[in-house]
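Undergrad: According to the numbering used here, the first sequence is numbered sequentially starting from 119.
Ideal Cβ placement from N, Cα and C applies to all residues, glycine included.
The model shown is predicted, which means the values in this text are computed figures rather than measured ones.
Quick one: this structure, given as structure tokens, is what I'll be asking you about.
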Amino acid sequence: MPAEALRFYDTLTRRKVEFVPRDPGRVSIYACGVTPYDDSHLGHARPAIFFDVVRRYLTARGWQVRYVQNFTDIDDKIIARAAKEGVPPLELSARYADRYLAAMDALGVKRADAYPKVSEHIPLILEMVQKLVEKGHAYVGGGDVYFSVESFPAYGRLSGQRLEEIVAGARVEVGEEKRHPADFALWKAAKPGEPAWESPWGPGRPGWHIECSAMSLHYLGNHFDIHGGGIDLVFPHHENEIAQSEAYTGDPPFVRHWLHNGLVTTKAEKMSKSLGNFTTVEAILKDFPPEFVRYFLLSVHYRSPVAFSPEALAASRRGWERLLLTWYELNRRLGTALPGRAQRTGETGETRDTRETRETREGDNLLVNPEPLELSVAQARETFDRAMADDWNTPVAISALFDLARAVNLALQAGLPTAAGAGATTGGRPGPEAGDNVAAGLLLAGELFRELAVDILGILPGDPEAAVKGIGPATVTTARPVSEPAPAGAAGEAPVSARATPAAVAAATAPAAAAVAESGLVEQLVDLLLEVREEARRRRDFAQADRIRNRLGELGIVVEDTTAGPRWRRRRE
RNA sequence: GGCGGAGUAGCCAAGGGGCAAGGCAAGGCUCUGCAAAAGCCUCAUUCGUGGGUUCGAGUCCCACCUCCGCCUCCA
């Protein structure tokens, strides 16, 4: 992939900066995870998918990425919820953490390199709090430990506010022993019955912000590259992280760059648990394929809000389907010529050959003599890379795929060799060379589709035929525990739907194995019917052919005739 | 009130000083036994409003209007 300098918007400096990693060739990222006490919704999916794409893109650029995401597995809401359900808090949060992972798996989100939990890093946190007290940045009050914002002059820099302004809006809870309204708890004394850990200040538990400082520093070291999360975390969470971390290390900056994603809204309102207006990932995956959900979320720039509604989802469905069908057709035509995993195609820029081909073409009828596919491929790659390198502009990156899809369909339509034989042109320019050229172009296009749409964005399934026909490997229905390492195959490339099929999480209750066996049978039966239909068509017995097609249609099977033979897919509602 | 962000075609959405990407929808057409799919063409003298800077402004400046986020848990 060409080395277009990578630039992105840094929340701290409020402008686009050129990204240079702390360690050459390696990128360290920490993204704030969730507080698992309920099912995940689209608002959780957005940052997960966005950072997943960031990670995959950086990897594709040749960087080695270390990605860490935390679980805040002990806090007020977890305790409250656990009390309501009558289960131990840590058991509850562990359960929902696993459910979160299952949902993200289903969305094709690659597993992070580590998922540290607060409850498993208490000593680390205690040590940090202790040191902050010793250094005079924190003080003890009635079993609580507070960070003193006045001891940290740079406080407010990330959120662009001065202390006095913050004070105006700050609320002080009754009974708190803060010296300054903006001071925040590093350690909270336990109330009777609450889970607690021993500390020099009595039994208690960590405050909300300290965990991320302790764990990110622990896993990634000081000055790590990118710290991210939803934009709603800027203040106070990330502001506080900076303060306590830099006060602790005495060696700023805690983080080199801050990266925040915009929120998902419904009816012009932020989607959130507390507002009760959320749609769970599970619910959405009942109706939509995971790759489409990614497409939907990535079709808006990451810093802008995404307005979610069933209508919005439905409206963007068709466009995605065009991409999918093109990808499907590309796979059909290329057959085994298209490797399961695209090779890095090296320098595929515009070559002298492509230029010459273009210049020497006769006539202007594009339908008969399409612009060399190689050129379109090179353009798509360049546009894609430029877009991604310029503040992760996924909408433009996706538009490059639409342009490529058009070029591919045009080439396909011009009459091209099928996978079976390279000479079988039905239209197009006469002569075997033209066919060969286009076949080569199609191969390049196929490889690029896989590289950009499947491997980096994850908006198209790795196996489009299986996806389109509703068959394929068993769905991931049970979450691997957090502690369990990701499967080996998922390390480098993540074919999104090789594992996660449309139903994914939603299908948790379905007998997966049986379903797969059945869909295999369906596939064979449909193929059989289509063979019969082809015979009928050859006899010009269109009544019979149409009957088969219509009946299949009633069963939800769409049949389409193409120059390369009939193809079918399941209809999506 | 303070801080941050947004208003671009019927809808979604890029762009961000040199005469408006992409997608959906709509209309016309081509291919096809028919259909579907695909392709071609049409679809914003105009970028919330009013001023200003400039040879030139969605793009910069000022004011105003509307909306959203944060300031409390939040992805």
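#1: Please report the residue range of the alpha helix (DSSP H) in which F342 lies.
#2: Expressed to the nearest angstrom, what Euclidean distance is found between the alpha-carbon atoms of T627 and L639?
#3: Are there 16 or more other CB atoms within 10 angstroms of the CB of N449, so buried, or fewer, so exposed?
#4: So which of L377, S392 and R499 has the shortest CA-CA distance to Y148?
#5: Using a threshold of 8 Å, state whether the C-beta atoms of L381 and K388 are closer than that.
#6: Would you mind sorting E245 into buried or exposed? The rule is 16 or more other CB atoms within 10 Å of its CB.
#7: Return yes when the Cβ of S317 is within less than 8 Å of the Cβ of L335, no when it is not.
#8: Quick one: Cα of H341 to Cα of A432, how far?
#9: Suppose the cutoff is 7 Å on Cβ atoms and the five residues either side in sequence are ignored; what does the same chain contact list for V352 look like?
#10: Considering only their Cβ atoms, is the gap separating L647 from L442 smaller than 8 Å?
#11: Between the alpha carbons of T475 and P490, how many angstroms are there, rounded?
#12: As a quick exercise: from V267, K228, A365 and Y185, pick the residue whose alpha carbon is nearest that of K253.
#13: Taking the beta carbon of G674 as the centre, do at least 16 other beta carbons fall within 10 Å, making it buried, or is it exposed?
#14: Which residues does DSSP pair with F168 in a beta bridge?
#15: Tell me which same chain residues have a C-beta within less than 8 Å of the C-beta of A571, skipping the five on either side of it?
#16: Please name the residue or residues paired with Y420 in a DSSP beta bridge.
#17: Between the alpha carbons of G546 and L528, how many angstroms are there, rounded?
#18: Under the three-state reduction of DSSP, which class applies to N511: helix, strand or coil?
#19: Provide the residue(s) that pair with Y273 in DSSP beta bridges, ordered along the chain.
#20: If you draw a straight line from the alpha carbon of L160 to that of P428, how long is it in whole angstroms?
#21: Just verifying my parser: in three-state terms, what is the DSSP assignment at E400?
#22: Have a look at G453, G559 and V514 and flag the residue whose alpha-carbon is nearest the alpha-carbon of V495.
#23: Which residue comes first and which comes last in the alpha helix (DSSP H) that contains V186?
#24: When you compare the stretch 258-265 with the stretch 185-205, are there three or more beta-carbon pairs, one atom per stretch, that lie closer than 8 Å?
#25: Could you give the first and the last residue of the continuous alpha helix (DSSP H) run that contains P299?
#26: Whole angstroms are fine: how far does the CA of V644 sit from the CA of L493?
#27: Inspect the beta-carbon positions of A123 and A507 and report whether they are closer than 8 Å.
#28: Do you know whose CA, among Q531, A455, R657 and R568, lies nearest T499's CA?
#29: Within the chosen definition, does the stretch 297-317 reach the stretch 233-248 through at least 3 CB pairs nearer than 8 Å?
#30: Within a Cβ cutoff of 6 Å, which residues of the same chain sit near R412, ignoring the five residues on either side of it in sequence?
#31: Mind checking Q187: buried by the 16 CB within 10 Å criterion, or exposed?
#32: In the DSSP output, what is K134 paired with across the bridge?
#33: Does the Cβ of P370 have 16 or more other Cβ atoms within 10 Å, making it buried, or fewer, making it exposed?
#34: If I'm right that A215 touches P154 with Cβ under 8 Å, what's the distance once you round it to whole angstroms?
#35: Per DSSP, what kind of secondary structure is K195 in: helix, strand or coil?
#36: Under 8 Å, do I328 and V267 count as touching if we go by C-beta distance?
TA: From the atom records:
#1: That residue, F342, is in no alpha helix (DSSP H); its beta strand (DSSP E) goes F342 to G348.
#2: Unreliable placement is indicated for T627, whose pLDDT of 40 sits below 50; no coordinate value is reported for it.
#3: Buried, because 16 or more other Cβ atoms sit within 10 Å of the Cβ of N449.
#4: The shortest C-alpha separation from Y148 is found at L377.
#5: Closer than 8 Å, so yes.
#6: The residue in question, E245, is exposed, as its Cβ has fewer than 16 Cβ neighbours within 10 Å.
#7: Taking a C-beta distance under 8 Å as the contact criterion, L335 and S317 do not qualify as a contact pair.
#8: Whole-angstrom Cα-Cα distance: 43 Å.
#9: Annotation for V352: T129, L276, S277 and H378 place their beta carbon closer than 7 Å to its own, counting only its chain and skipping 5 residues before and after.
#10: Taking 8 Å as the Cβ cut-off, L442 and L647 do not qualify as a contacting pair.
#11: Note that T475 has pLDDT 32, beneath the 50 cutoff, so the model's placement of it is unreliable and the number below is only indicative. Per the coordinates, the alpha-carbon of T475 lies some 7 Å from the alpha-carbon of P490.
#12: Ranked by how close their Cα comes to the Cα of K253, the residues V267, K228, A365 and Y185 have A365 in first place.
#13: Looking at its Cβ environment, which holds fewer than 16 other Cβ atoms inside 10 Å, G674 is exposed.
#14: Beta-bridge pairing links F168 to no other residue.
#15: The residues are L441, W445, L519, I577 and L578.
#16: Partner(s): none; Y420 has no beta bridge.
#17: Residue placement at G546 cannot be trusted, given a pLDDT of 37 that sits under 50; what the coordinates show is reported in the next sentence. Distance between the alpha carbons of G546 and L528: 11 Å.
#18: N511: coil per DSSP, three-state reduction.
#19: DSSP output for Y273 lists no bridge partner at all.
#20: About 12 Å.
#21: It is helical.
#22: The candidate whose alpha carbon is nearest that of V495 is G559.
#23: In the DSSP assignment, V186 falls outside any alpha helix (DSSP H) and within the unbroken beta strand (DSSP E) covering Q182 to F189.
#24: Two segments are said to touch when three or more pairs of C-beta atoms, one from each, lie closer than 8 Å; by this definition the stretch 258-265 does not touch the stretch 185-205.
#25: Premise fails: P299 is in no alpha helix (DSSP H) and is neither H nor E.
#26: Rounded to the nearest angstrom, the two C-alpha atoms are 38 Å apart.
#27: Going by C-beta atoms, A123 is nearer than 8 Å to A507.
#28: Contrary to the premise, residue 499 reads as Arg rather than Thr in this sequence. The closest CA to that of R499, considering only Q531, A455, R657 and R568, is found on R568.
#29: These segments touch.
#30: If we look at R412 and ignore the five residues flanking it on each side, its Cβ neighbours are I167, G576 and I577.
#31: Its Cβ being crowded by 16 or more others within 10 Å, Q187 is buried.
#32: DSSP output for K134 lists Y127 as bridge partner(s).
#33: That one is exposed.
#34: The C-beta separation of A215 from P154 comes to about 4 Å, placing the pair in contact by the 8 Å criterion.
#35: K195 falls in the helix class under three-state DSSP.
#36: Against a cut-off of 8 Å, the Cβ pair of V267 and I328 comes out as no contact.
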